[in-house]
Structures are given as C-alpha cells and as structure tokens.
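See structure below.
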Amino acid sequence: MPLVRFFRKAPSRAATATAFVLAFAAAWPSPSGEARAAALQVPGQLELDQVSNYSHVKVTRDRGTRTLWFVRDNGEHVVESKLDLERPDDLLIEYTRFMFLSYVFRPEPQKVLIVGLGGGSMVHFLKIHDPKVKVDVVEIDPLIVSIADRYFGVKSGGNVDVKVTDGLAYLQETDAKYDVIYMDAFLRPSGGTDTTGVPLHLKTLAFYEQMKKRLTPDGAVVFNLNPHLSIRQDIQTIREAFPNTYVFRLQGYEGFVVIASTAEEPMTPTAISAEAARLDRRLKAPFSFRAMAGRLNRR
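Sequential numbering of the sequence shown, starting at 7, is according to my numbering.
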C-alpha cells in the first residue's frame with residue numbers, strides 16, 4: 007500500500023520507518039489468511055489475554071463476532087479464528103471454506119480428523135451441515151482447548167471428540183481410520199516451526215506416510231498452506247507422498263488449500279466442477295463450492 011496515505015504532511019525518517027513496519031505487518035497474512043494487526047489496533051472488546059507453553063493468545067468480541075488472536079514475539083497480532091456468534095456455520099475466513107472442498111473428492115465421509123483446533127469454526131460447520139459425521143480433533147495446547155470451549159462453544163460431546171495431544175504422536179498411536187484429515191496446526195513461530203508457525207515434524211514425507219496409514223480407501227488430506235519462502239517445496243513434498251494432489255489458490259492472499267487424495271484415478275476439472283455443484287445443492291452452505299472449485303490451479 008502507498009505509505010504516503012499514513013500522513014497528512016511529509017513524515018520524518020523515524021515515522022517513515024514505523025509506517026513501513028506497520029504496512030508490512032498488515033500485508034503479511036496470518037495462519038487464517040487475515041492480515042496482521044498492530045497491537046494497539048486490535049478491534050473489539052478484550053475478553054482474554056493469556057500465555058501458554060505454546061502460544062500467547064487473545065480473545066476479542068466485536069459486536070456479534072468473536073476473534074481468537076495469536077500474538078507473535080514481536081508484538082504482531084494475527085487472526086487465528088473468527089466466529090459469527092449468531093451463525094457459527096457461516097465461515098468468516100476464506101481458507102476454512104476451501105477446506106471443505108474435501109467433500110468433492112471424498113463425498114459423504116463417516117469419520118474425519120482435524121489437526122489443530124483454533125476457535126473450532128470447522129467443527130461448527132460439520133455439526134450443522136453434516137451432523138452424522140464423527141469428528142475427532144487433536145490440539146497440542148490445552149489453553150486453546152479451554153478457549154474453544156469457553157468462548158467458541160466447541161467441546162467434546164456427541165459426535166465430537168477433542169483430544170489434547172500432538173498430531174504426529176496421535177497418528178502413531180491410534181488405530182482409527184479417517185475418510186478425511188484436515189491439517190490446520192499452527193503455533194508461535196520458533197526453531198521448531200516454519201515461519202508461518204507450522205511444526206516442522208508435521209510437514210515431512212515420513213509424517214505424510216503416517217497419515218496415509220490412517221486413511222480409509224480413497225481418503226484425502228486437506229492442508230492449509232500460508233505464504234512463505236518454501237511454500238512451493240511444501241506443495242512438492244505433498245505431491246511426492248500422494249498420487250493425486252489438487253491445489254486451490256485463495257483469492258484474498260497468496261495462500262493455498264491443497265487436497266491430497268489416495269484415489270487411484272485423478273478427477274478432471276470438469277468432474278470437480280460438477281461434483282462441487284452437486285455439493286452446493288446437498289449441503290446448502292452459505293457459500294458456493296462451485297465457485298471455489300474454479301480456483302483450481304492447473305499448473
């Protein structure tokens with residue numbers, strides 16, 4: 007964005023440097039794809055500010071929307087999750103809508119796994135639009151599990167089972183099989199993560215092979231990939247592990263949702279579009295699957 011818009015008159019060098027930092031922070035996306043915000047610009051009423059062994063998090067409420075923020079070591083606030091308190095199935099963050107293109111490649115799942123809970127917006131969507139599906143969630147941070155329960159209305163019960171554990175450890179120990187696995191795990195960036203906060207041990211060929219063992223025939227894994235210098239390599243690693251991989255470019259920023267299928271035969275773009283149209287009629291979600299299917303990256 008043009009920095010001159012921050013000022014009514016010519017800025018000092020110090021002010022220019024400050025404006026540049028804020029502009030860069032606002033332009034660089036968070037795990038949710040939302041822009042980062044300076045600490046004093048977080049909107050809404052602060053409801054929680056707490057630090058765990060894994061993250062510094064805040065919860066704010068602005069009218070009918072509740073937001074979960076991750077606070078980086080440099081003070082930047084990044085949106086982790088947003089929830090419409092009146093319509094929890096109305097997914098407010100773009101990538102969460104794209105994650106459910108999984109239904110195009112694995113229709114009518116019976117059991118799914120979500121790695122990374124956040125505010126639990128994906129759990130809300132599944133409970134409302136596909137209430138018969140069994141949902142297991144693994145989240146390494148007990149604080150996030152507590153916040154999801156208290157502020158976002160997500161907890162174990164009925165078809166939902168929330169487990170406090172590491173994603174890799176769970177997949178190594180469980181005998182459960184899943185039709186779809188959703189990968190959405192982010193922590194505070196550190197030496198054990200990439201620059202977006204994805205744990206490094208959750209983005210290796212060995213981990214992907216472990217996931218494949220936990221999939222049913224023709225199962226799929228869905229990845230939320232945020233922009234960073236190695237994103238192309240991340241996509242290539244996924245392609246090495248799975249026979250059919252579909253990359254969807256998000257509109258709001260330079261991120262991707264990648265769907266990796268174990269099906270033997272690939273789906274053509276025409277078949278993907280047709281299945282997405284059927285999905286619109288079936289789920290009646292407050293957004294268009296067919297429109298999202300049109301974002302398939304064919305390169």
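The C-beta atom is built at its ideal place from N, Cα and C for all residues, glycine as well.
Quick caveat: nothing in here was measured; it's all calculated off a predicted structure.
- Exposed is the label assigned to residue 179, since fewer than 16 other Cβ atoms lie within 10 Å of its Cβ.
- Residue pairing from DSSP leaves residue 78 without any beta-bridge partner.
- Here the alpha carbon of residue 64 sits roughly 19 Å from the alpha carbon of residue 161.
- At the C-beta level, residue 53 and residue 157 come within 8 Å of one another.
- A residue is called buried when at least 16 other Cβ atoms come within 10 angstroms of its Cβ; residue 80 does not meet this threshold and is exposed.
- The distance from the Cβ of residue 60 to that of residue 147 is about 4 Å, consistent with a contact at the 8 Å cut-off.
- For residue 173, the enclosing alpha helix (DSSP H) covers residues 173 to 179.
- The residue among 107, 69 and 83 with its C-alpha nearest the C-alpha of residue 55 is 83.
- With a contact defined as Cβ atoms closer than 8 Å, residue 211 and residue 246 qualify at about 6 Å.
- Counting only runs of 3+ residues, the beta strand (DSSP E) found wholly inside the region 87 to 121 occupies 117 to 121, in chain order.
- Residue 289 and residue 260 have their alpha carbons spaced roughly 28 Å apart.
- Across the set 142, 265 and 57, the C-alpha of 142 shows the shortest separation from the C-alpha of residue 164.
- Pairwise C-beta distances place the region 271 to 287 in contact with the region 96 to 110, as three or more of them are shorter than 8 Å.
- Per DSSP, the continuous beta strand (DSSP E) segment holding residue 189 begins and ends at 184 to 189.
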